[in-house]
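Engineer:
2 protein chains.
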Amino acid sequence: MVRYTISEIAKLCGTSPATVSRVLNNPGLVAEPLRDRIRKKMEEVGYKPNPFASRLSSQSRWGLALFVFDILNPFFALIVRKIGHLAMEQRIPLTVCDTENNEEKERIYLDYLLDNKIAGIIFAEGISIPTIERAQQQTETVLIDRHYREGLISEVTSDNYMGGRQATEYLLQLNHRNIGFIGGPSNWSSAEERLRGYRETLEENEIPFRKEMVFPGDLRFESGVRALEYFLTLPEWPSAIFSANDQMAFGVLSKANSLNISIPEDLSLIGFDDIPVYNLYTTILTAVRQDIDALCTTAFEIMLSKLNGESAGFEDGSEESRTVIPTTLKIGETCSKYTGSPARRVQRNG
Amino acid sequence: MVRYTISEIAKLCGTSPATVSRVLNNPGLVAEPLRDRIRKKMEEVGYKPNPFASRLSSQSRWGLALFVFDILNPFFALIVRKIGHLAMEQRIPLTVCDTENNEEKERIYLDYLLDNKIAGIIFAEGISIPTIERAQQQTETVLIDRHYREGLISEVTSDNYMGGRQATEYLLQLNHRNIGFIGGPSNWSSAEERLRGYRETLEENEIPFRKEMVFPGDLRFESGVRALEYFLTLPEWPSAIFSANDQMAFGVLSKANSLNISIPEDLSLIGFDDIPVYNLYTTILTAVRQDIDALCTTAFEIMLSKLNGESAGFEDGSEESRTVIPTTLKIGETCSKYTGSPARRVQRNG
DNA sequence: TTGTATGCGTTATCAA
DNA sequence: TTGATAACGCATACAA
């Protein structure tokens, strides 16, 4: 359990500490035989660099952080899991910051990370703009599924607009004309885009967009429950509901169940995300699938290239990239062709 | 954005770096007027210590890690959230390690953390013994809801045995005699304890324990679905089911729903954990509540005292503590008095 | 291609 | 109570 230092390795190999340091950071600068000898020796004695000494000397920042606003939401839990593994593969410490949708918590986490010279921060959807802007001035940043002003911060998002279209077009194909939409918080760009896809698809098909068919949710299960309750107060009930995420869709499903509204016979339902966890439910949700792995992998790669300084030098900010990951429609069991008056059975119970 | 150093602060205050360092680490050693002057100056220029220099010089370890086996499980997500906040309050970086129940991942995470001189690791239930043992030899460790050999590692657990008793006694009071149990993996001490509580309570009430009434689950939603399917293959169906966690209980609930088995009329159901998220479900689960906040807070405090060396010096290991947090029974809507033949309605569909 | 020497910002040991 | 000064382990500018 004794820790070796580069000087000791150097002595053992009859060379200088500088050379050992080079094989660690710039192997190309060391002649091959020497390099191999040093590497073998390090292996042999189990040498591990001291990260503190290394960072102190190189003056570099260290570590990554990931901000999510609700770790209980499986979509974000999956992001935490994936980014966690990617970071570990690169031996980069990752601090997970669950802000619980609270700006004060965001501020505290951020202060703390900046004090600790964090090398970069990945923000998932749901983090407030002031926090992101402040971070962006002092460290590397990448956004997942969140849109900021064009070209100022690198972002990786699903094609939320097209996803919104896919869902709506599918329902239209099934002859639904009266489609309810359950949205997200109004400052969430991803949910806004899904709404835009929904709206424009309707209008292109000459179905007027009616704002009473949009229920403002908060992406949680309960919002789905509330949304269905709300839609049932309308004079004309929707025959289909498109929810901006899976959790709310399951709220609808659960509430429908308890009201004896059967899905998809009485009501068609389509979600957004397609979280694998939910496939275990007895009813398989039809949903627009986001490719979470691709979102995370791409965001992480962008971050790595930033850390390696590969995009430095452009002072106009134009090197910030915007990557859009396509969505796909996964057909489950919760949509059916519209044939007549909606939700007849409900009227007995409602 | 210029970073000040202690030497600069010293110069500004007309003193030496050593003194400035003292007000940071040992304020008692510096006379009050000088101390206040230095503090004011640090405040004024926004001085932040360089963590790398500090760690290098003091040779101390740094940071904490938290191992969970499945971050998608809300019970563990809540632990991640709580420990994350506690760590942040203490300005201690926390690395969350989601091992996905995979020993190889555990090994990689652990290697990485030890290389980075992690100061301590908190293990939640579900992490394998070899990983814990290896960690314990090289860094501070605390277990949450996991039992290891007596007195060797500090642990904080719910009173799983009593929880098992509480649930079983409650069902017995409701006249249930035929109670199914859905367990966890056999090497999970917490689930084993719940089973023991169930078993002993039955036997004390002269109801024979029958092993066919125990379904081995894996704590996931789907296990609950499978469990109910299994119980319905038995010649004599249980009139009540006690699940070792909430997720599996919801699997039962969901499956029961699709089979037209109504809960609690046809079948009583009781879970374990009482995760707040689930309260949003239309049906409120009756469950044994674990006090997650207390589990986390206690575990974290123990870790802090270890980091401060407060329990050092005992070489026989006897300073390792074992804290048991009581559980309570939360009455929801999923249990009712047993009055006759079980699940009559099922027989029409089953 | 390799070695020497210096500095990174702190902490800690010794004297004063 | 305070001040010099030597580590801590590594990276790097410069010299060889």
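Quick note, the sequences are listed as chains B and A, same order. Going by the working numbering, the first sequence opens with residue 1121, and the numbers climb by one from there. Going by the working numbering, the second sequence opens with residue 1121, and the numbers climb by one from there. Virtual Cβ for every residue (Gly too), placed ideally from N, Cα, C. It should be emphasised that the depicted structure is a prediction, and the values quoted were computed from it without experimental measurement.
For G1460 of chain A, which of A:K1426, A:P1358 and A:N1236 has the nearest alpha-carbon?
Structural biologist: Selected option, being the one with the closest Cα: A:P1358.
Engineer: Near I1191 of chain B, which residues of its chain fall below 8 Å by C-beta distance, leaving aside the five closest residues on each side in sequence?
Structural biologist: The residues are A1197, V1200, V1216 and D1218.
Engineer: Can you check DSSP and say which residues form a bridge with T1406 of chain A?
Structural biologist: Per DSSP, A:I1390.
Engineer: Thinking C-beta only, is G1204 of chain B closer than 8 Å to A1239 of chain B?
Structural biologist: Not a contact, by the Cβ cut-off of 8 Å.
Engineer: Does the structure place the segment 1168 to 1185 of chain A close enough to the segment 1162 to 1178 of chain B that three or more beta carbon pairs sit under 8 Å?
Structural biologist: Counting Cβ pairs under 8 Å, three or more are found: they touch.
Engineer: Assuming P1171 of chain A is part of the beta strand (DSSP E), what are its boundary residues?
Structural biologist: Premise fails: P1171 of chain A lies in the alpha helix (DSSP H), P1171 to S1178, not in any beta strand (DSSP E).
Engineer: Near K1237 of chain A, which residues of its chain fall below 7 Å by C-beta distance, leaving aside the five closest residues on each side in sequence?
Structural biologist: Counting only Cβ-Cβ distances below 7 Å, and skipping sequence neighbours, we find R1181 and W1182.
Engineer: Is there at least one Cβ from chain B nearer than 8 Å to Y1229 of chain A's Cβ?
Structural biologist: Answer yes: the Cβ-Cβ gap between Y1229 of chain A and chain B drops below 8 Å somewhere.
Engineer: Can you name, in chain order, every residue of its own chain whose Cβ lies under 7 Å from the Cβ of D1393 of chain A, other than the five neighbours on each side?
Structural biologist: Counting only Cβ-Cβ distances below 7 Å, and skipping sequence neighbours, we find F1195, N1365, D1366, A1407 and Q1410.
Engineer: Roughly how many whole angstroms lie between the Cα atoms of G1300 of chain A and L1292 of chain A?
Structural biologist: Approximately 12 Å between the Cα atoms of the pair.
Engineer: Using 8 Å for Cβ pairs, my map puts F1370 of chain A next to F1341 of chain A. What's the rounded Cβ distance?
Structural biologist: Right, their Cβ atoms sit about 6 Å apart.
Engineer: Of all the alpha helix (DSSP H) runs that stay within the bounds of the segment 1270 to 1297 of chain B, which reach a length of 4 or more residues?
Structural biologist: Fully enclosed alpha helix (DSSP H) runs of 4 or longer: 1280 to 1293.
Engineer: Any beta carbon from chain A within less than 8 Å of L1192 of chain B's own beta carbon?
Structural biologist: Judged by the 8 Å Cβ criterion, L1192 of chain B is in contact with chain A.
Engineer: For chain A, is any of its Cβ atoms less than 8 Å away from the one on M1208 of chain B?
Structural biologist: Yes, M1208 of chain B counts as interfacial toward chain A.
Engineer: Check whether the Cβ of D1235 of chain A lies closer than 8 Å to any Cβ atom in chain B.
Structural biologist: By this cut-off, D1235 of chain A is an interface position.
Engineer: Which residues of chain B have a Cβ atom closer than 9 Å to the Cβ of N1428 of chain A, listed in chain order?
Structural biologist: The premise fails here: N1428 of chain A is roughly 20 Å from chain B at the closest Cβ pair, so nothing lies under 9 Å.
Engineer: Determine contact between the segment 1123 to 1130 of chain B and the segment 1138 to 1146 of chain B, defined as no fewer than three beta-carbon pairs at a distance below 8 Å.
Structural biologist: Touching, yes.
Engineer: Looking only at C-alpha atoms, which of A:P1305, A:I1381 and A:S1178 sits nearest to N1145 of chain A?
Structural biologist: Checked all of A:P1305, A:I1381 and A:S1178; the closest Cα to N1145 of chain A is A:S1178.
Engineer: Taking a contact to mean a Cβ-Cβ separation below 8 Å, would you say L1206 of chain A touches F1420 of chain A in this structure?
Structural biologist: Yes, Cβ-Cβ distance for L1206 of chain A and F1420 of chain A is below 8 Å.
Engineer: Identify the contact partners of D1218 of chain B in chain A, using a Cβ-Cβ distance below 9 Å as the criterion.
Structural biologist: Near D1218 of chain B (Cβ distances below 9 Å), the residues of chain A are A1197, V1200, R1201, G1204 and H1205.
Engineer: Output yes or no for whether 8 Å exceeds the beta carbon distance between A1113 of chain A and L1387 of chain A.
Structural biologist: Chain A is shown from 1121 up to 1470; residue 1113 of chain A falls before or after that span and cannot be answered.
Engineer: Straight-line CA distance for D1265 of chain B to L1415 of chain B?
Structural biologist: Near 8 Å, if we compare the C-alpha coordinates of L1415 of chain B and D1265 of chain B.
Engineer: What residues are listed by DSSP as bridge partners for T1443 of chain A?
Structural biologist: BP columns for T1443 of chain A point to A:V1276.
Engineer: Anything in the segment 1405 to 1421 of chain A with a Cβ closer than 9 Å to a Cβ of chain B? List those residues in chain order, please.
Structural biologist: If the cut-off is 9 Å between Cβ atoms, the segment 1405 to 1421 of chain A has nothing near chain B.
Engineer: If you draw a straight line from the C-alpha of I1381 of chain B to the C-alpha of V1372 of chain B, how long is it?
Structural biologist: Cα-Cα distance, rounded: 10 Å.
Engineer: Around the C-beta of S1456 of chain A, are 16 or more other C-beta atoms found within 10 angstroms, so that it is buried, or is it exposed?
Structural biologist: Buried is the call here.
Engineer: Which of helix, strand or coil does DSSP assign to S1136 of chain A?
Structural biologist: Residue state, collapsed to three classes: coil.
Engineer: Can the beta-carbon of L1154 of chain A be found less than 8 Å from the beta-carbon of I1242 of chain A?
Structural biologist: Not in contact: L1154 of chain A and I1242 of chain A (Cβ atoms no closer than 8 Å).
Engineer: Note down, in chain order, every chain B residue with its Cβ under 9 Å from the Cβ of Y1232 of chain A.
Structural biologist: Going along chain B in sequence order, the residues near Y1232 of chain A (Cβ under 9 Å) are M1208, R1211 and P1213.
Engineer: Decide if the segment 1272 to 1288 of chain B is in contact with the segment 1314 to 1325 of chain B; the criterion is three or more beta carbon pairs, one per stretch, under 8 Å apart.
Structural biologist: Flag = yes, the segment 1272 to 1288 of chain B and the segment 1314 to 1325 of chain B touch.
Engineer: Quick check: G1304 of chain B and G1344 of chain B, are their CB atoms within less than 8 Å of each other?
Structural biologist: No, Cβ-Cβ distance for G1304 of chain B and G1344 of chain B is not below 8 Å.
Engineer: Counting only C-beta atoms, is A1360 of chain B closer than 8 Å to chain A at any point?
Structural biologist: No, no contact with chain A.
Engineer: Tell me whether K1168 of chain B sits in a helix, a strand or coil according to DSSP, three-state version.
Structural biologist: Note: K1168 of chain B maps to coil in three-state DSSP.
Engineer: Under 8 Å between the Cβ atoms of R1159 of chain A and Y1232 of chain B?
Structural biologist: Contact: no.
Engineer: Between T1418 of chain A and T1443 of chain A, is the Cβ-Cβ spacing less than 8 Å?
Structural biologist: Taking 8 Å as the Cβ cut-off, T1418 of chain A and T1443 of chain A qualify as a contacting pair.
Engineer: With 16 other CB atoms within 10 Å as the buried threshold, where does S1374 of chain A fall?
Structural biologist: When all chains shown are included, S1374 of chain A counts as buried.
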